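Reviewing the structure listed below.
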Amino acid sequence: MGIGVYYALTFASLPAPRRSAFAQDPRGFIRGTVTDTSGAVIPGVKVRATANDTGVAAVGQTNESGLYNLPYLIPGLYKITFEQTGFKSYVRSNVEVRVSETTELPIQLEVGQVAETVEVRDTTPVLETASASLGLVMDQRRINDLPQRGGNPLELTLLAPGVANTTNLRLRKSMAPEATSDFAADGAGRYNNEFQIDGISNTAADRGRGYARVAYAPPASAVREFKMQTSAYDASVGHTMGSVVNVSTASGTNQLHGEAHWFLRHSSLDAPNFFNNKNRTPKPVYQDNRWGVSLGGPVAVPKLYDGRNRSFFFFAYEGNQFGVPSQFSRTVPTAAQRNGDFSALLPLTNANYAIYDPRSTVAAAGGRFSRTPFAGNIIPASRLDTLGVNLARLYPLPNSPSTTTADGRNNFFSSPKAIQKTYSTLLRLDHAVSENHRVFLRLHYDFWKEDKNHDFLNELNGIHQNRPNRGVALDDVMVLNPTTVLNLRYGFTSTKWWQYRTSRGIDYAALGFSPQLVALTERAGAPAPHHAGRLFAALLVGGPRRRRQLLADPLRHGEHHQDGRKPLPPVRSGMARVPEFQQPAADRQRAGLQLYDHLHARPFGQLAGGPDRPGPGCDAAGRARRVDGSRGQFGVAKPVPRPLPPG
């Protein structure tokens, strides 16, 4: 497992914009040509764009071809002013700048005095014609007004043309990056999309499964707007076959604004389902409790500093406690079966339920072997294995008598609930050093944890997971001269993913495992044994894991108009599986667990066999083989000292 950081530089070479060179940026751009009434270009025109909500201005100037370009503008409404000696001033109000879009705004100046002003306001929004990129822009009004089932603004990506949902109707909460990322754009397949936030890579790469998924989904109140580009974007974001989702976070304004929200869904308002009524079990406790606050405005220190038109802050916090109910119906050993009594299965017509004594194996004609069944289908107490009996007792007793199968399958029913909790915090600071110099800093911290898989209503199968996510973005825009702009941007997102069992602290020696295996484990971290069967329910699916990942964005700087080089995509570390302790498990190359094998000291994963065959995992006499592997001896605690029969 390695962590890599890659730095790239981008330079500009052309004096004027001939195409959209900034389609990958989370901000917007205004450009155009200034002419007089005869159509002749006017060089040296001073251009100023002032944001309506912050008063922060960005300046530019037309070149010898009459072309101007105002890059790296925060999305919103602007007032654009054009001034040149010998011409009337021209003001265009309420020009909308959108994320990752370039607005073409050609202007015609009239001869006159600068003190005279021609103002155009309340016009139809200018169309984006600078590039052929297709997609969908979700502004703040749509994010606030459109329903989001999981409270995740990125759920709205499914509304873009050419996008198909490639999973079921599960919740796409911000705490569930895989569900959020599970869509296909323009037929490119699922998990083939690029995610960015404030121009910083926000895509986590799961190399084990080939997934490209979002690393951090901010609260809806912290998103100013986002754009989903589905085709014809430029090479700077061509890291994927699918779409590019570019999120621009909210920033403060000259007025102090805040909001608070609370969403609640609870099972007390739901009707019981069919299975709860059938088994007379209570309804699963479903809860979805989501709350949050956000606040933004100018930075102000009474009697010391007034940050209006210059310095701004924005803070957002959201928490979510979410209980996911489920239905669990499996087969567990009965009280009699725990003690080797399978007599209840003997009257059934299916001969597979007869059990045979492996010590009675003798050679028969045709190279076959013969065994004698246990009397009454009961294993004698002296033949029971301590380890097998102890493991069988880890299962709970049946609580739902089977009415569908004669052999008593599906005799245990529960309604376990997976508890998920997430807390997300985002802080953004914007500062205008001057009209020619603007910076912003964004910090975020997101923490998610989950307790699940309590299918047996105890700690045996429980899993605890948590995933802290941290990120930072720093952006600096400087106008060096009328034709050159330098933009420095750096950012990273760090994700750690932990998983471990809630059943830690199991005493393997008390269960009856061999001293060799006990020596390989630490008592404090030892989970319940991992084994599964064809008939009986599994205990402990999966194993302990730790994953770490760092996403680092290139450090970029570029001149005013067009990139001469494109940075390579950031290096992302893989998410490695790191075992924390030895965990006994069944040999998966053999057949499924049968309770008979497990009570009779035969290797897990071995069938009981029949009257004329030993079954896999045994020698010709039906004696249990030792199963030794990298995780220690498993299963055989009482090998049978019996010689092979003749022949």
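Numbering (our numbering), first residue to last: 593 to 1239.
Every residue, glycine too, gets a C-beta built ideally from N, C-alpha and C.
Predicted model only: the values in this text are computed from it and were never measured.
Checklist entry - Mapping DSSP to helix, strand and coil, what is phenylalanine 934? => result coil
Checklist entry - Can you name, in chain order, every residue of its own chain whose Cβ lies under 6 Å from the Cβ of proline 864, other than the five neighbours on each side? => result Lys875
Checklist entry - Are at least three pairs of beta-carbons, each pair with one atom in the stretch 1054-1071 and one in the stretch 1102-1111, less than 8 Å apart? => result no
Next on the checklist: Less than 7 Å between the C-beta atoms of serine 681 and glutamate 688, yes or no?
Outcome noted: no
Checklist entry - What are the boundary residues of the alpha helix (DSSP H) that includes glycine 980? => result Where glycine 980 is concerned, the enclosing alpha helix (DSSP H) stretches over 978-984.
Next on the checklist: Please report the distance separating the alpha-carbon of leucine 1080 from that of glycine 915.
Outcome noted: 43 Å
Item to check | Under the three-state DSSP convention, the category aspartate 774 falls into | outcome: coil
Next on the checklist: Rounded to the nearest angstrom, what separates phenylalanine 904 and threonine 1094 at their Cα positions?
Outcome noted: Roughly 45 Å between the two C-alpha positions.
Item to check | In DSSP terms, what leucine 659 is bridged to | outcome: Thr625
Checklist entry - Who does valine 729 pair with in a DSSP beta bridge? => result Beta-bridge pairing links valine 729 to Lys819.
Checklist entry - Hey, how far is the Cα of arginine 1115 from the Cα of arginine 1096? => result 8 Å
Checklist entry - Buried or exposed: which applies to threonine 1085, given that a residue is buried once 16 or more other Cβ atoms fall within 10 Å of its Cβ? => result By the 10 Å Cβ count, threonine 1085 comes out buried.
Next on the checklist: Suppose the cutoff is 6 Å on Cβ atoms and the five residues either side in sequence are ignored; what does the same chain contact list for glutamate 1027 look like?
Outcome noted: Ala649 and Val651
Next on the checklist: Quick check on DSSP: helix, strand or coil for leucine 940?
Outcome noted: coil
Next on the checklist: For proline 1107, report the span of its alpha helix (DSSP H) as first-last.
Outcome noted: 1107-1111
Item to check | Distance between serine 766 and asparagine 901 (C-alpha atoms, nearest Å) | outcome: 33 Å
Item to check | For phenylalanine 855 and tyrosine 1015, the rounded distance between their alpha carbons | outcome: 15 Å
Next on the checklist: Helix, strand or coil for glutamate 851? Go by DSSP, reduced to three states.
Outcome noted: strand
Checklist entry - Anyone know if the C-beta pair for valine 806 and glutamine 821 falls short of 7 Å? => result no
Item to check | Nearest-angstrom Cα separation, counted from aspartate 1043 out to glutamate 1051 | outcome: 10 Å
Item to check | Stretch-stretch touch, CB-based, cutoff 8 Å, three pairs: the stretch 891-899 with the stretch 1031-1040 | outcome: No, the stretch 891-899 does not touch the stretch 1031-1040.
Checklist entry - What number of angstroms, rounded off, separates the C-alpha of leucine 937 from the C-alpha of alanine 771? => result 44 Å
Checklist entry - Should asparagine 1073 go down as buried or exposed, given a rule of 16 or more other Cβ atoms within 10 Å for buried? => result With fewer than 16 Cβ atoms within 10 Å of its Cβ, asparagine 1073 is classed as exposed.
Checklist entry - Just the Cα atoms here: how many angstroms apart are alanine 643 and lysine 1041? => result 40 Å
Next on the checklist: Considering just the uninterrupted stretch of the beta strand (DSSP E) at tyrosine 1015, what are its terminal residues?
Outcome noted: 1009-1026
Item to check | Cut-off 8 Å between Cβ atoms - residues of its own chain near glutamine 732, not counting five sequence neighbours on either side | outcome: Around glutamine 732: Val815, Arg816, Glu817 and Ala842.
Checklist entry - Who are the Cβ neighbours of glutamine 1057 in its own chain at under 6 Å, not counting the five residues just before and after it? => result Within the same chain, glutamine 1057 has close Cβ partners Glu1042 and Gln1091.
Item to check | Exposed unless 16 or more other CB atoms sit within 10 angstroms - verdict on threonine 585 | outcome: For residue 585 there is no data in the structure shown, the boundaries of the chain being 593 and 1239.
Checklist entry - If we ignore side chains and look at the alpha-carbon of each, how far apart do glutamine 537 and serine 773 end up? => result Since the first and last residues shown for the chain are 593 and 1239, residue 537 lies out of range.
Checklist entry - From Pro972, Ala1024 and Thr926, pick the residue whose C-alpha is nearest to that of proline 990; which is it? => result Thr926
Checklist entry - Do alanine 998 and leucine 940 have their C-beta atoms closer together than 7 Å? => result yes
Checklist entry - When the Cα of valine 637 is compared with those of Tyr1100, Thr1075 and Glu786, which residue comes out closest? => result Looking from the CA of valine 637, the closest CA among Tyr1100, Thr1075 and Glu786 belongs to Thr1075.
Next on the checklist: Suppose the cutoff is 6 Å on Cβ atoms and the five residues either side in sequence are ignored; what does the same chain contact list for phenylalanine 906 look like?
Outcome noted: Here phenylalanine 906 has Ala842, Ser843, Gly844, Gly888 and Arg1020 as same chain residues with Cβ atoms under 6 Å from its own Cβ, once five neighbours each way along the sequence are excluded.
Item to check | Supposed close pair aspartate 1047, phenylalanine 966 - CB separation, criterion 8 Å | outcome: For a cut-off of 8 Å, the C-beta gap from aspartate 1047 to phenylalanine 966 is around 31 Å, too long to register as a contact.
Item to check | Rounded C-alpha distance that separates asparagine 592 from arginine 713 | outcome: Examination of residue 592 is not possible in this model, given that the chain is present from 593 through 1239 alone.
Checklist entry - CA-CA distance, threonine 646 and asparagine 846? => result 5 Å
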